[in-house]
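I have placed the structure first, in the form of structure tokens, so that the comments after it can refer back to it.
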Amino acid sequence: MPNRIIKESICQSDSIDSLTWFEEVLFYRLIVVCDDFGRFDGRIQIIKGSCFPLKDVTLRQIATALDKLMTVGLVRGYEVQGRPYLQLSTWERHQQIRAKRSKYPACDDTCNQMISFDIKCSRNPIQSESNSKNTMCKADACALFERLWKLYPNKKGKGKISDTKKLELLKVGFDEMERAIQRYLTELDKDDWRKQQNGSTFFNSGYIDYLDANYVPGKRTGKQNQFTNFQQREYDDQELENMFIREVAMTSQKGDVE
Numbered sequence: 001m002p003n004r005i006i007k008e009s010i011c012q013s014d015s016i017d018s019l020t021w022f023e024e025v026l027f028y029r030l031i032v033v034c035d036d037f038g039r040f041d042g043r044i045q046i047i048k049g050s051c052f053p054l055k056d057v058t059l060r061q062i063a064t065a066l067d068k069l070m071t072v073g074l075v076r077g078y079e080v081q082g083r084p085y086l087q088l089s090t091w092e093r094h095q096q097i098r099a100k101r102s103k104y105p106a107c108d109d110t111c112n113q114m115i116s117f118d119i120k121c122s123r124n125p126i127q128s129e130s131n132s133k134n135t136m137c138k139a140d141a142c143a144l145f146e147r148l149w150k151l152y153p154n155k156k157g158k159g160k161i162s163d164t165k166k167l168e169l170l171k172v173g174f175d176e177m178e179r180a181i182q183r184y185l186t187e188l189d190k191d192d193w194r195k196q197q198n199g200s201t202f203f204n205s206g207y208i209d210y211l212d213a214n215y216v217p218g219k220r221t222g223k224q225n226q227f228t229n230f231q232q233r234e235y236d237d238q239e240l241e242n243m244f245i246r247e248v249a250m251t252s253q254k255g256d257v258e
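Residue numbering for the sequence shown is 1 to 258, as defined by this note's numbering.
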């Protein structure tokens, strides 16, 4: 694979500036792994294995980042005969094409333009149909769950969390789930009457109220104790003492009269 060229003008690029750090890193790594025509395999699993062989990132993170690269015009996604590919949009302007033939098909009039990069688990022909279905997706989901489980303090009921629930965590992603855990623990510290949820309860459904789209700071999402849910009254100590003295005096006078 020939060396790639990255010009200093990329530091002033509005498109690059609109990216997050992860999206920008993915773009640079795509430049390295693409063929000499700026094309590459569009399957998320292949991109992950090529661009992040030593990093613990999820398929969902990569798919979301690719969608952003498409949105800003740095990457084009397309399908040829049902298989996804990607093309770096400005490749010809910045790189030298030395090879005579691309490793991947070009996007011509017959190809289908992709709207987004979806997570599709590909089939391994060596495996049986039942074993190959969603194998890579489940592996990523389990890896993500193990990372999150280490962050949650109440480690009870781990075996009660199904693969389906772990796949749902994959859709949320590590960063947002990490924030959800921290939000829940912070809110819990404010409520002495609330008991910390078991890990199985939290990861099955308890985290939902603490996701970015659902979380309301300061709002207690759990059921409140009816005996502690009252407004405290304010009393004047001196006034109470005066009332007591008057009551005692009236009682003494009443006893003298009798």
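Beta carbons: idealized from backbone N, C-alpha and C, even for Gly.
Just so you know, these numbers come straight off a predicted model, no measurement behind them.
With respect to 8 Å, is the separation between the Cβ of residue 6 and the closest non-hydrogen atom of the ligand ATP below this value? With respect to small molecules bound, the structure shown includes none, and the ligand ATP cannot be examined in it.
Identify the continuous beta strand (DSSP E) that holds residue 77 and give its terminal residues. Along the sequence shown, read from residue 1 onward, the residue named residue 77 stands at position 77. That run of the beta strand (DSSP E) goes 75-80.
Once DSSP output is grouped into helix, strand and coil, what is the label at residue 251? As a working note, residue 251 is residue 251 in the sequence shown. If DSSP states are grouped into helix, strand and coil, residue 251 belongs with the helices.
Between the Cα of residue 185 and the Cα atoms of 212, 169, 152, 170, which residue gives the shortest distance? The count along the sequence shown starts at 1 and reaches residue 185 at position 185. Nearest option by C-alpha distance: 152.
Can you tell me whether DSSP reads residue 179 as helix, strand or coil? Residue mapping note: residue 179 aligns to position 179 of the sequence shown, counting from 1. Helix.
Contacts around residue 105, its chain only, beta-carbon distance under 6 Å, and the 5 residues preceding and following it disregarded: If you number the sequence shown from 1, residue 105 lands on position 105. Within the same chain, Cβ atoms closer than 6 Å to the Cβ of residue 105 are found at 80, the five residues on either side in sequence being excluded.
Do residue 31 and residue 88 have their C-beta atoms closer together than 9 Å? Here residue 31 refers to the residue found at position 31 of the sequence shown. Here residue 88 refers to the residue found at position 88 of the sequence shown. Yes, Cβ-Cβ distance for residue 31 and residue 88 is below 9 Å.
With C-beta atoms as the reference, is residue 18 less than 9 Å away from residue 57? Residue mapping note: residue 18 aligns to position 18 of the sequence shown, counting from 1. Residue mapping note: residue 57 aligns to position 57 of the sequence shown, counting from 1. Cβ atoms of residue 18 and residue 57: not closer than 9 Å.
What number of angstroms, rounded off, separates the C-alpha of residue 250 from the C-alpha of residue 215? Position 250 of the sequence shown, counted from the start, is the residue given in the question as residue 250. Position 215 of the sequence shown, counted from the start, is the residue given in the question as residue 215. Approximately 57 Å, taken between the alpha carbons.
Test: residue 55 CB closer than 9 Å to a CB of chain C: In the displayed structure, chain C is absent; only one protein chain is listed.
What beta strand (DSSP E) runs, 3 residues minimum, are completely inside the segment 14-84? 39-41, 75-80
Identify which residue in 49, 34, 50 has its Cα closest to the Cα of residue 86. What you label residue 86 is simply residue 86 of the sequence shown in a count that begins at 1. Per the Cα distances, 34.
Short Cβ contact (9 Å threshold) for residue 84 with residue 37: The residue given as residue 84 occupies position 84 in the sequence shown. The residue given as residue 37 occupies position 37 in the sequence shown. Cβ distance not < 9 Å, so residue 84 and residue 37 don't count as in contact.
Residue range of the alpha helix (DSSP H) that includes residue 169: As a working note, residue 169 is residue 169 in the sequence shown. Per DSSP, residue 169 belongs to the alpha helix (DSSP H) from 163-172.
Can you find the residues in the same chain that come closer than 6 Å, C-beta to C-beta, to residue 141, ignoring five residues on each side of it along the sequence? For the purposes of this step, residue 141 is taken as the residue at position 141 of the sequence shown. Taken in chain order, the residues that qualify are 166, 167, 170.
Which residues share a DSSP beta bridge with residue 113? As a first step, residue 113 is located in the sequence shown; it is residue number 113 there, counting from the start. Residue 113 is bridged to 78.
For residue 114, count the other beta carbons within 10 Å of its own beta carbon; 16 or more makes it buried, fewer makes it exposed. Which is it? Locating residue 114 in the sequence shown gives position 114, where the first residue counts as 1. With 16 or more other Cβ atoms inside 10 Å of its own Cβ, residue 114 counts as buried.
Given this structure, state the Cα-to-Cα distance separating residue 22 from residue 68, to the nearest angstrom. Stepping through the sequence shown from its first residue, residue 22 is reached at position 22. Stepping through the sequence shown from its first residue, residue 68 is reached at position 68. Distance between the alpha carbons of residue 22 and residue 68 is about 11 Å.
What is the DSSP secondary structure of residue 144, reduced to helix, strand or coil? Locating residue 144 in the sequence shown gives position 144, where the first residue counts as 1. Helix, per DSSP.
Skipping 5 residues on each side, what residues in its chain have a beta carbon closer than 6 Å to that of residue 155? Indexing the sequence shown from 1 puts residue 155 at position 155. Counting only Cβ-Cβ distances below 6 Å, and skipping sequence neighbours, we find 199.
May I have the straight-line CA-CA distance separating residue 90 from residue 75, to the nearest angstrom? What you label residue 90 is simply residue 90 of the sequence shown in a count that begins at 1. What you label residue 75 is simply residue 75 of the sequence shown in a count that begins at 1. Distance between the alpha carbons of residue 90 and residue 75: 8 Å.
Would you tell me roughly how many angstroms separate the C-alpha atoms of residue 29 and residue 143, rounded to the nearest one? The sequence position of residue 29 within the sequence shown is 29, counting from 1. The sequence position of residue 143 within the sequence shown is 143, counting from 1. Their Cα atoms are separated by approximately 23 Å.
For residue 180, count neighbouring Cβ atoms within 10 angstroms of its own Cβ and tell me buried if that reaches 16, exposed if not. Residue 180 sits at position 180 when you count from the first residue of the sequence shown. Counting Cβ neighbours within 10 Å, residue 180 comes out buried, since at least 16 surround it.
Own chain, CB closer than 7 Å to residue 172, minus 5 neighbours either side, in chain order: Your numbering for residue 172 matches position 172 in the sequence shown. The residues are 211.
Three-state secondary structure (DSSP) at residue 211? Here residue 211 corresponds to residue number 211 of the sequence shown, with the count starting at 1. Here residue 211 sits in coil by DSSP.
So is residue 26 buried or exposed if we call it buried at 16+ other beta carbons inside 10 Å? Numbered from its first residue, the sequence shown carries residue 26 at position 26. Buried, because 16 or more other Cβ atoms sit within 10 Å of the Cβ of residue 26.
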